[in-house]
Amino acid sequence: IPYFHVDGIDAKQQMNVLESARSLFMSNSIVTVGIEHSPNMDIWELLDFFRSVNYKTFLLGKRQVARIDHLCPEILSDVLDHPHLNKDKNKSMIRSTLEFLKVIKAKSPTDN
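According to our numbering, the stretch in the sequence shown is residues 1471 to 1582, in order.
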């Protein structure tokens, strides 16, 4: 299987799909896996799964792919907690544009 795609909006269902394919992972029958982001995804659970089946793990950014499974937990936590990866999903395009043009002040993460 050259590409195994796991979509969905619930991380539990996605993990069930991965677990049901464990034997395929263990036999290296699956070459590449793509997993869509779900709101309740636990990246640490995902990393643990892929470590258990001896697969490398990469993070897809805007312009690059970075291997993350070999990072120490402290560095990986810093990377995953970076504000660029945790942008406010409810912010409108208009607000983002006005903040970019400095018409209005950007909200800091501590603002309510």
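Beta carbons: idealized from backbone N, C-alpha and C, even for Gly.
Residue state for Leu-1541 is assigned as coil, using DSSP reduced to three classes. In this structure, DSSP gives Thr-1527 a state outside helix and strand, which the three-state scheme calls coil.
In this structure, the beta-carbon distance from Val-1487 to Val-1501 does not fall below 7 Å. Cβ-Cβ distances below 6 Å link Leu-1516 to nothing in the same chain once the five nearest sequence neighbours on each side are left out.
Around the beta carbon of Met-1485, 16 or more other beta carbons sit within 10 angstroms, so the residue counts as buried. Thr-1502 is bridged by DSSP to Tyr-1473. For Met-1485, the enclosing alpha helix (DSSP H) has its first and last residue at 1481-1490. Contact between Ile-1538 and Val-1523 fails: their C-beta atoms lie close to 16 Å from each other, not under 8 Å. With a cutoff of 7 Å on beta-carbon distance, Gly-1478 and Ser-1497 are scored as not near each other. By the beta-carbon neighbour count (other beta carbons within 10 angstroms, threshold 16), Phe-1570 is exposed.
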